[in-house]
Structures are given as C-alpha cells and as structure tokens.
Amino acid sequence: MHELALVESVMSAVKISAAENNINTVTRIGLVVGRFSNAIPESLEFAFEALKTDEAMFCNAQLFIKQTPVVCRCRQCGREFTIERDFRFVCPDCQSNDIKITGGRELYVDYYEGDED
Amino acid sequence: MVQVNLGTNILGANDLLARQNRNLFASKGVLVLNLMSSPGSGKTTILEKTLEELQGKVRLGVIEGDLYTDRDAKRIENKGAPVIQINTQGGCHLDADMVAKSYQNIDAELDVVVIENVGNLVCPAEFDLGEDLRVVVLSTTEGNDKPVKYPLAFRQAQVIIVNKMDLLPYTDFNTNRLSHDLLDLNPTAQVFFVSGRTGEGIDEWCEWLLEAVENKKAQHNDHGQE
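In the order they appear, the protein sequences are chains A and B. Residues in the first sequence are numbered consecutively from 1, following my numbering. Residues in the second sequence are numbered consecutively from 1001, following my numbering.
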C-alpha cells in the first residue's frame, strides 16, 4: 500500500529532471526494484496508472520494472549466492548463517524516456 | 525521443530526513526505538507495561502512529508519559518527516523515545525513521510463520518480542520452531518472550532496554556532545 507514496516520489523525481532537460512528454519510466524491498511491482503499476492521469506529461507513459535478485555473501567462506523466494540466509556451501546481504534492497528510477518540445 | 539515465533512489528523500533525525537523536543522547508489528499483536500493551516497569528509572516518551484515532495515545498518557499523536489518515506507515515534526513537539527531556508505528509489517519496514533499534512484536496467536512471511521486517530487527505467552497453551505456536526459523533469518536478534497481560518477561526486556539507554548515553558522552 505504500507503493502510492513511492510512485509519487518517482513522478516528482522525473518531473524535476524532465524540466531540466526540456522534456514535455514522458513515454517510459524504468524502475529497478530489488526482491528484498517490500514494493510489489503490480502495486507500483497500479498506483502509477491511477496517478498518471492527473499529470498531462505522464498521461501516455508506461512503467517498466526490472526486479533484481537478493544477493548474499557468506562472511565465513566468502561464497556469493542469490535467494529467489525462500528467505533463509544460509550459505549453500558451508551452512553458515553469518550472511551479509549485498543486493536486493534496490529501489530506484533507472531511466526515463520522453519527447522534447 | 530522449532517454535520460537517472539513478534516483525512490526513498532518497526519506533516507535523507532519517539521517538528519539520527544525527539529532545522537546529539541529544536519546535512544530511539521503532516499534513495529501487525495489528493487534500488543504493541501498546507492552508499552504500558514497560512504562510501569521503568517508572522513575528512565524518562520515556512516545510518538504514537495510528490511522485515525488517539486511543493508543490516551492509554500512554494515562501512564504519565509524554506522547505525541500522528494520525496518518489511512496511510500505512510512518515516515522520517512525520517523526521529525513530532519530535520537535515533545516538550520534555527524554532518555528514550519509542515510535509506535502503524500496525503493519510490510510498509513500515521500508521506511527508515532514524531510529537506533527496530523492535518487532509477534504474538503467539498469530502463528509461527510470521517471520518467514515478512522476512524484511524480521531480518532488520535488532529486537524481537514474542507476546501473549500466557495464551501459548491454547495455540499451535511452537517456540522451538520460531528459534529455528530465526537462526536462518536473523541469528543476531535479541528475542524476549513476554505477556503484556500478565507482565511475564517484561522485566527482562526492560533490563535490556535500560542497558541500551546507558550505552547510548555513554556514546554521547564519549563524543563530548551537548
């Protein structure tokens, strides 16, 4: 449900940058969302569809979301591994639970595309 | 068509304010807790019991997040603690800006501030408030699978309080199973087993909290800050 607040901040970041680059119409916004963030892609899309009609520059824009895996590194043996679904932070090699999460919390606007005046 | 690479962190604005909060709390030497759980797990009752236990030992204030009501804030006020209410008007989480504004309105010298977040284990986990410690409450009536279902909230917690231990015999909750799950999810978390209703285990939690308050004060004094 906090996706509404997230999409608002996406739109405001793009709006500021678009003004700096003389872009009037945004056609595409690319987001990167880590699998260990609590933002759900479907909810982000839903929120964007609901909010975009309020702003002329976003009316025809589409959201493209790239999900990134949860990347972990074992502090004991150094093994790197990824987690897809089952969030158990255990090294597949040495079974240690001393794990550092190095990726998967990403939540950022990667790029946007638009048309100039 | 023009493509602009942005790389803007979507939570950047919140993270910046959270850092400012953290610096402010550090300069005051005040320990700040972000208390999270699903609705009805007993956050406010644990807070009430904590206030009773720590009366006269520590100055504790509360920032109370709630969708629409001030019911929880009234309960805290009845225990004699300074409390600031935030109504999110349906918003599912507190953010760093709300906390910054509420903290300004606390008119008392404090050792600890507890931020009672909106009852929800999904959205609040994403928003840094500038707290020192994240405390997640889970109750025996909710079942064993909460940590596995809400891994982000439980992974980030420094403290996990298992509440409603008085009801344990009437549930299928298995404390061994919980410990086993937490070993894989968050092996370094401090776990306390309590009953907000009977007060069982509250003393142990409060002892730990007092030590955390002392540590924060010591850090503050080491840095020679005012």
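Note that CB positions come from ideal geometry on N, CA and C, so glycine has one too.
Closest by CA to Ile1076(B), which one among Asp1172(B), Lys1164(B) and Glu1064(B)?
Glu1064(B)
From Leu1168(B), Gln1158(B), Leu1167(B) and Trp1205(B), residue whose alpha carbon lies closest to that of Met1036(B)
Gln1158(B)
Can you give me the C-alpha to C-alpha distance between Asn1221(B) and Glu116(A), rounded to a whole angstrom?
56 angstroms
In angstroms, rounded to a whole number, what distance separates the CA positions of Thr1008(B) and Pro41(A)?
17 angstroms
Taking Cβ to Cβ, would you say Ile964(B) is nearer than 7 angstroms to Ser9(A)?
Chain B is shown only over 1001 to 1226; residue 964(B) falls outside these bounds and no answer can be derived.
With a threshold of 7 angstroms between beta carbons, is Leu1060(B) in contact with chain A?
no
Taking the CB atoms as reference points, tell me whether Val160(A) and Asp1184(B) lie closer together than 7 angstroms.
Examination of residue 160(A) is not possible in this model, given that chain A is present from 1 through 117 alone.
Cβ distance (whole Å) where Gly103(A) is taken to contact Gly34(A) below 8 angstroms
7 angstroms
Same chain only: Cβ atoms within 7 angstroms of Gln1219(B), ignoring 5 sequence neighbours per side
none
Chain-order list of residues whose beta-carbon lies under 7 angstroms from that of Glu1131(B) (same chain, five-residue window excluded):
Val1032, Leu1033, Asn1034 and Ile1115
Roughly how many angstroms lie between the CA atoms of Thr1175(B) and Thr1069(B), to the nearest whole one?
Their backbone Cα atoms lie some 34 angstroms apart in a straight line.
Ile1010(B): contacting residues in chain A (beta-carbon distance under 7 angstroms)
Leu6, Ser9, Val10, Leu107, Tyr108 and Val109
Taking the runs of the beta strand (DSSP E) that are 3 residues or longer, which of them lie wholly in the region 1087-1175 of chain B?
1112-1116, 1133-1139 and 1159-1163
Which residue spans inside the region 1027-1092 of chain B form an unbroken beta strand (DSSP E) run of at least 3?
1031-1037, 1060-1066 and 1083-1087
If contact is defined by three or more beta carbon pairs under 8 angstroms, each pair taking one atom from either stretch, is the region 1115-1126 of chain B in contact with the region 1085-1097 of chain B?
yes
Should Cys77(A) and Asp98(A) be called a contact, given that it needs their Cβ atoms to be closer than 7 angstroms?
no
What did DSSP end up calling Arg105(A) once you bin it into helix, strand or coil?
coil
List, in order along the chain, the chain A residues whose C-beta lies closer than 8 angstroms to that of Glu1214(B)?
Within chain A, no residue comes near Glu1214(B); the closest Cβ sits about 28 angstroms away, beyond 8 angstroms.
Under 7 angstroms between C-beta atoms, does Leu1152(B) make it to chain A?
With 7 angstroms as the cut-off, Leu1152(B) counts as an interface residue toward chain A.
Here's the rule I'm using: 16 or more other beta-carbon atoms within 10 Å means buried, otherwise exposed. How should His2(A) be labelled?
buried
With a cut-off of 8 angstroms on the beta carbons, I'd call Val1058(B) and Leu1210(B) a contact; round off their distance for me.
Between Val1058(B) and Leu1210(B), the beta carbon gap of about 6 angstroms places them in contact (Cβ cut-off 8 angstroms).
Quick check on Val70(A) - is its C-beta less than 7 angstroms from some C-beta in chain B?
no
By how many angstroms is the C-alpha of Asp1015(B) removed from the C-alpha of Lys1217(B)?
24 angstroms
Under 7 angstroms between C-beta atoms, does Gly114(A) make it to chain C?
Within the model displayed, chain C is absent; protein chains A and B are what it includes.
For Val26(A) and chain B, any beta-carbon pair shorter than 7 angstroms?
Answer no: the Cβ-Cβ gap between Val26(A) and chain B never drops below 7 angstroms.
Length of the line joining the Cα atoms of Glu55(A) and Glu20(A):
17 angstroms
Quick one: give me the first and last residue of the beta strand (DSSP E) that Gln1003(B) is part of.
Val1002 to Asn1009
Let me check one thing: in DSSP terms, what residues is Tyr83(A) bridge-paired to?
Checking the sequence, you will find Ile at residue 83(A) rather than Tyr. Paired residues: Val70(A).
Apart from the five residues just before and just after Phe36(A), which ones in its own chain have a Cβ nearer than 7 angstroms to its Cβ?
Val70, Ile101, Gly104 and Arg105
How would you write the range of the alpha helix (DSSP H) that Phe48(A) sits in, first residue to last?
Pro41 to Lys52
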